[in-house]
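Asks: Residue numbers (the numbering used here): 1 to 279. Positions of the beta carbon are idealized from the N, C-alpha and C atoms, including for glycine. One structure, pasted below without further comment.
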């Protein structure tokens, strides 16, 4: 009797795992079905002559151009430079955003000092800052990385500040009743409670980093995906321009998936994430 019960249990678990795997595969297919259909329609319109090849290169032409640039090393060299700029700028932006968010979120005095300047800077148009950054930092790599860092810092700051200020006051009152020090309260209660909002800010910051990189790589750049696209504009190479846009889009998608993976690992203790992972 016990042996049949064990076999039945294992068989049920195997069926459940198979159903979960099938749901995951079906979800992936459903999620990416519409982009694939759009690309097929795009290729069909180009092949039928409905879209001018001079104004809109076909997906097949873009793939061929990408392969050609990969073979001669042009794409790898420019992509490496762009990744370096985006990575350095994002790292600096995250550090600045977290530092300022902690200062403003944990202290009323810090909020009075930090929040107003951050709100002013957040509303300034990026393109208006480009001439000033060139005067301050020259035309090398520094202004490009600084622009990415500036754009990435705001969502980190805003979401961390919101997460800290959203901690339940009753929970903080209970912590004070238990006699925990301020350092332990910040480490064991406030920071874990604000972590979900911080990770949301990180997802926004990653996306903004790629947007800022497009602007940054037009500042007298001599390399990078943006520079490659600007050169292609002079020669009416829409295939290279669209290839650059595709690369930016894929980089944004991959980096967002990485942050979502980290979110799933770091927030495994939350019931909502456990339920989402089980679906």
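If I measure Cβ to Cβ from residue 157 and keep anything under 7 Å in the same chain, skipping five residues before and after, which residues do I get?
Replies: Counting from 1 along the chain shown, the entry for residue 157 is found at position 157. Taken in chain order, the residues that qualify are 97, 100, 101, 118.
Asks: Pick out whichever of 133, 135, 50, 153 has its Cα sitting closest to the Cα of residue 122.
Replies: If you number the chain shown from 1, residue 122 lands on position 122. The shortest C-alpha separation from residue 122 is found at 153.
Asks: Thinking C-beta only, is residue 188 closer than 8 Å to residue 163?
Replies: Within the chain shown, the letter at position 163 stands for residue 163. Within the chain shown, the letter at position 188 stands for residue 188. No, these two residues do not count as a Cβ contact at 8 Å.
Asks: For a test of the three-state rule: what should DSSP assign to residue 187, helix, strand or coil?
Replies: Against the chain shown, residue 187 aligns to sequence position 187. If DSSP states are grouped into helix, strand and coil, residue 187 belongs with the helices.
Asks: Please report the residue range of the alpha helix (DSSP H) in which residue 108 lies.
Replies: For this step, residue 108 is matched to residue 108 along the chain shown. Start and end: 108 to 122.
Asks: Using CA atoms only, rank isn't needed, just tell me which of 258, 87, 264, 208 is closest to residue 151.
Replies: What you label residue 151 is simply residue 151 of the chain shown in a count that begins at 1. Among 258, 87, 264, 208, the Cα nearest to that of residue 151 is on 208.
Asks: Return the chain-ordered list of same chain residues with a C-beta closer than 6 Å to the C-beta of residue 229, the five sequence neighbours on each side being excluded.
Replies: Locating residue 229 in the chain shown gives position 229, where the first residue counts as 1. These residues qualify, in order along the chain: 241, 244.
Asks: Specify the secondary structure class of residue 220 as computed by DSSP and reduced to three states.
Replies: For the purposes of this step, residue 220 is identified with residue 220 of the chain shown, where counting begins at 1. DSSP places residue 220 in coil when its eight states are reduced to three.
Asks: Which two residues bound the contiguous alpha helix (DSSP H) that contains residue 127?
Replies: Indexing the chain shown from 1 puts residue 127 at position 127. Note, residue 127: alpha helix (DSSP H), 126 to 137.
Asks: Would residue 220 be called buried (16 or more neighbouring beta carbons within 10 Å of its own) or exposed?
Replies: Sequence index remark: in the chain shown, residue 220 carries index 220 (1-based). Burial call: exposed.
Asks: Is it right to say residue 234 is buried, meaning 16 or more other beta carbons lie within 10 angstroms of its own, or is it exposed?
Replies: Your numbering for residue 234 matches position 234 in the chain shown. Classification for residue 234: exposed.
Asks: On the three-state DSSP scale, how would you describe residue 182?
Replies: Stepping through the chain shown from its first residue, residue 182 is reached at position 182. Of the three classes helix, strand and coil, the one that applies to residue 182 here is helix, per DSSP.
Asks: With residue 166 as the anchor, note down where its alpha helix (DSSP H) starts and where it stops.
Replies: Here the question's residue 166 lines up with position 166 in the chain shown. Element bounds for residue 166: n/a, residue is neither H nor E.
Asks: Considering only C-alpha positions, which residue in the set 47, 51, 46, 85 is nearest to residue 212?
Replies: Taking the first residue of the chain shown as 1, we reach residue 212 at position 212. Comparing Cα-Cα distances from residue 212 to each of 47, 51, 46, 85, the minimum goes to 85.
Asks: Below 7 Å CB to CB, which residues in the same chain sit around residue 133 once its five sequence neighbours on both sides are set aside?
Replies: Indexing the chain shown from 1 puts residue 133 at position 133. Closer than 7 Å at Cβ, skipping near neighbours: 143, 146, 147.
Asks: How many angstroms separate the CA atom of residue 246 from the CA atom of residue 224?
Replies: Counting from 1 along the chain shown, the entry for residue 246 is found at position 246. Counting from 1 along the chain shown, the entry for residue 224 is found at position 224. Distance between the alpha carbons of residue 246 and residue 224 is about 14 Å.
Asks: From what residue to what residue does the alpha helix (DSSP H) around residue 261 run?
Replies: Within the chain shown, numbered from 1, the residue matching residue 261 stands at position 261. Looking at the DSSP string, the run of the alpha helix (DSSP H) that includes residue 261 is 238 to 266.
Asks: Under 8 Å Cβ to Cβ from residue 55, same chain only, skipping five residues before and after it: list those, please.
Replies: Residue 55 sits at position 55 when you count from the first residue of the chain shown. Excluding residues within five positions, the ones whose Cβ falls inside 8 Å are 238.
Asks: Assuming residue 58 and residue 47 make a contact with CB atoms under 8 Å, what is their CB distance in whole Å?
Replies: Within the chain shown, the letter at position 58 stands for residue 58. Within the chain shown, the letter at position 47 stands for residue 47. Rounded, the Cβ-Cβ distance is 7 Å, consistent with contact.
Asks: Alpha carbon to alpha carbon, how far is residue 181 from residue 172?
Replies: Mapped onto the chain shown, residue 181 falls at position 181. Mapped onto the chain shown, residue 172 falls at position 172. Cα-Cα distance, rounded: 11 Å.
Asks: Can you find the residues in the same chain that come closer than 8 Å, C-beta to C-beta, to residue 166, ignoring five residues on each side of it along the sequence?
Replies: By 1-based counting over the chain shown, the position of residue 166 is 166. Hits under 8 Å: 193, 194, 197.
Asks: Can you give the Cα-Cα distance for residue 44 and residue 60, rounded to whole angstroms?
Replies: As a first step, residue 44 must be located in the chain shown, where it is residue number 44. As a first step, residue 60 must be located in the chain shown, where it is residue number 60. Those two C-alpha atoms are separated by around 10 Å.
Asks: Judging by CA-CA distance, which residue of 215, 222, 265 is the nearest neighbour of residue 125?
Replies: For the purposes of this step, residue 125 is taken as the residue at position 125 of the chain shown. The residue with the shortest Cα to Cα distance from residue 125 is 215.
Asks: Within the same chain, show all residues whose beta-carbon is closer than 8 Å to that of residue 259, passing over the 5 residues directly before and after it, in chain order.
Replies: Counting from 1 along the chain shown, the entry for residue 259 is found at position 259. These residues qualify, in order along the chain: 199, 202, 203, 206.
Asks: Could you give the distance in angstroms between the alpha-carbon of residue 103 and the alpha-carbon of residue 93?
Replies: Along the chain shown, read from residue 1 onward, the residue named residue 103 stands at position 103. Along the chain shown, read from residue 1 onward, the residue named residue 93 stands at position 93. Answer to the nearest angstrom: the Cα atoms are 15 Å apart.
Asks: Find the nearest neighbour of residue 227 within the set 137, 38, 80, judged by alpha-carbon distance.
Replies: Counting from one through the chain shown, the residue named residue 227 turns up at place 227. If we check each option's Cα against that of residue 227, 80 comes out closest.
Asks: In the DSSP assignment, find the unbroken alpha helix (DSSP H) run with residue 140 in it and report its ends.
Replies: Residue 140 sits at position 140 when you count from the first residue of the chain shown. Where residue 140 is concerned, there is no enclosing alpha helix (DSSP H), given that its DSSP letter is neither H nor E.
Asks: Could you have a look at residue 73 and say whether DSSP puts it in helix, strand or coil?
Replies: Residue mapping note: residue 73 aligns to position 73 of the chain shown, counting from 1. Residue 73 falls in the coil class under three-state DSSP.
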